[in-house]
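Residue numbers (the working numbering): 2 to 351.
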Ligand code: NAD
C-alpha cells in the first residue's frame, strides 16, 4: 500500500516578498564578485548565485500563495509520487517536501515500493489527475528499471497537462517548443530565471547547450531560443566538442559527467552554467578533480563523497561568470517547481 504524507496548509510558514538580491555580472551596478572556492588558484569568474536567486523567487511566491488560499480555500498543493528507494531521489523528494511546506503550500507524498507494477503507478497518477485537492503532480525520476524501459514515458504521457508542473509530458514539451503558455521543465526554466535576474544578456548571444535530454538539454535550447539567443545543441556524437563549446558566449553543461568541461572548452569571459550534479565517491577521482581546492577535498575526507558539477572547478579561471555546484542550478529547480505549482493553482481560478 502506498504510504502517504500530507502536509496541510500551514500558511504560517509562507514568506513575504523579499528584497531583491542583486547578483549581476559587469553590467549591473549591484554585481558582486565572489570567489567560487577557497583555493590557491586564481579565480576570475563572477558567481551566479542560484541559491540567492531561488530564495528571491520563493519569496515572491508568498503573496500569490495567500491569494490562492483566500480564493480557493486552500493553498496551492503538490502531489509527489516516489517509487522505490533510490538514495538521491530520497534527498530530492525530502527537499521538495520541505520547500513546499516552508512556502505554506500543501504537499502530499505517495510512496510506492520498487516492486509496484507500472499499472499501479499509472493508477496513482490517474487518481491524482482527478483529485481536485492537487494542482500539481510530480513523479520522481528515475523510476526503478524493473518497471521497464518505457515506464517514464508512459507515466509522463498520463499526467494531466494542467497539473504537469515538472513539464515532462509531451504536451508540455510541445508548448515549450512553440513558446506557448504551459509548464517548462523546472531546471531549464530555473536557468533562464537565473540569467534574466542577474541581467546576463541572452539576446543575440551564441548559446551552446551540451546535452540533448528531454528534461534538460532540449527544453534549455528552446527556452534560450525564445530569448533570442542563437543556439547550438551538442551531444555525445558531436565532433570536436571543445572547439564547438569555445564558440559559446553562454555555455550550458547538462551531461552527467563529473568535471567534464575543462578550461579548454571555454572562451575567456563566457558565462558557464553547470547543470550537472555528480557525487564523487572515489578518493582518486576527488584528488584529481579538486587538486588545488583543499576545502573541497576536506569535504570528501569528512563525508566520503563530494559533489561536483559537469564543469571542472578550474573553469572559474577562464569563465566570466559561473554557477557553483552546489548552490547554483539545483536550488533553482526546486524554486521553479514551487512557482509552477502556484501557477497551476492560479490557472484553476481563471
Ligand atoms: P541525460 O543522461 O538524460 O543526458 C545527458 C546528455 O549528455 C545526453 O543528451 C548525451 O548526449 C550528453 N552526453 C553524454 N556524454 C557526452 C559526451 N561525452 N559528450 C557530449 N555530450 C555527452 O542527463 P540529464 O537528465 O539531462 O542530466 C544531465 C546532468 O544534469 C546530470 O548530471 C544530472 O544529474 C543533472 N541534473 C541536474 C538538475 C539540477 O537540478 N541541477 C536537474 C536535472 C538534471
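Even glycine gets a Cβ: it sits at the ideal position worked out from N, Cα and C.
Beta-carbon contacts of residue i that lie in its chain and below 6 Å, excluding the five residues immediately before and after
| i | result |
| --- | --- |
| residue 247 | 268 |
| residue 222 | 210, 232 and 234 |
| residue 172 | 162 |
| residue 259 | 279, 281 and 309 |
| residue 324 | 49, 51, 274, 275 and 330 |
| residue 263 | 313 |
| residue 291 | 297 and 298 |
| residue 322 | 26, 46, 47, 49 and 272 |
| residue 65 | 343 |
| residue 251 | 206, 208 and 272 |
| residue 74 | none |
| residue 287 | 281, 301 and 307 |
| residue 261 | 311 |
| residue 218 | 210, 212 and 255 |
| residue 180 | 227 |
Bridge-paired residues (DSSP) for residue i
| i | result |
| --- | --- |
| residue 161 | None; residue 161 has no bridge partner. |
| residue 140 | 82 |
| residue 280 | 308 |
| residue 274 | 253 |
| residue 323 | 48 and 273 |
| residue 107 | 78 |
| residue 231 | 207 |
| residue 122 | Answer is none; residue 122 lacks a bridge partner. |
| residue 262 | 312 |
Any non-hydrogen atom of the ligand NAD within 7 Å of residue i CB
| i | result |
| --- | --- |
| residue 170 | no |
| residue 277 | yes |
| residue 1 | For the chain, the structure presents residues 2 to 351; residue 1 sits outside this window and is missing. |
| residue 218 | yes |
| residue 246 | no |
| residue 287 | no |
| residue 213 | yes |
| residue 98 | no |
| residue 257 | yes |
| residue 311 | yes |
| residue 308 | no |
| residue 328 | no |
| residue 233 | no |
| residue 239 | yes |
| residue 282 | no |
| residue 227 | no |
| residue 195 | no |
| residue 242 | yes |
| residue 207 | no |
| residue 324 | no |
| residue 263 | no |
Cut-off 8 Å between Cβ atoms - residues of its own chain near residue i, not counting five sequence neighbours on either side
| i | result |
| --- | --- |
| residue 205 | 229, 230 and 231 |
| residue 125 | 3, 82, 111 and 113 |
| residue 96 | 335 |
| residue 242 | 211, 235 and 266 |
| residue 245 | 209, 233, 235 and 239 |
| residue 328 | 50, 51 and 52 |
| residue 214 | 255 |
| residue 89 | 280 |
Neighbourhood of residue i by C-beta, 7 Å cutoff - its chain only, sequence neighbours within 5 removed
| i | result |
| --- | --- |
| residue 185 | 168, 177, 220 and 224 |
| residue 356 | In the structure displayed, the chain extends from 2 to 351; residue 356 sits before or after that span and is not available. |
| residue 62 | 104, 339, 340 and 343 |
| residue 170 | 157, 158, 160 and 162 |
| residue 226 | 232 |
| residue 30 | Residue placement at residue 30 cannot be trusted, given a pLDDT of 31 that sits under 50; the coordinates are not used to answer. |
| residue 145 | 84, 85 and 115 |
| residue 305 | 282 |
| residue 147 | 115 |
| residue 189 | 217, 220, 221 and 224 |
Residue nearest to residue i in terms of C-alpha spacing, selected from the options
| i | options | result |
| --- | --- | --- |
| residue 120 | 159, 324 and 99 | 159 |
| residue 257 | 249, 250, 251 and 237 | 237 |
| residue 59 | 305, 194, 350 and 122 | 194 |
| residue 319 | 287, 285 and 270 | 270 |
| residue 277 | 326, 249, 285 and 289 | 326 |
| residue 198 | 57, 345 and 108 | 57 |
| residue 152 | 174, 123, 128 and 135 | 123 |
| residue 78 | 117, 100 and 175 | 100 |
Supposed contact pair residue j and residue i - C-beta distance, whole angstroms, cut 8 Å
| i | j | result |
| --- | --- | --- |
| residue 274 | residue 316 | Going by Cβ atoms, the distance from residue 274 to residue 316 rounds to 11 Å, so no, they are not a contact pair. |
| residue 166 | residue 140 | About 11 Å separates the two Cβ atoms, so there is no contact after all. |
| residue 143 | residue 87 | 7 Å |
| residue 137 | residue 55 | Actually they do not touch by this definition, with Cβ atoms about 18 Å apart. |
| residue 72 | residue 350 | 5 Å |
| residue 164 | residue 130 | 6 Å |
| residue 346 | residue 69 | 5 Å |
Short CB-CB distance (under 8 Å) between residue i and chain C
| i | result |
| --- | --- |
| residue 131 | Going by chain labels, chain C is absent from the structure shown, which holds only one protein chain. |
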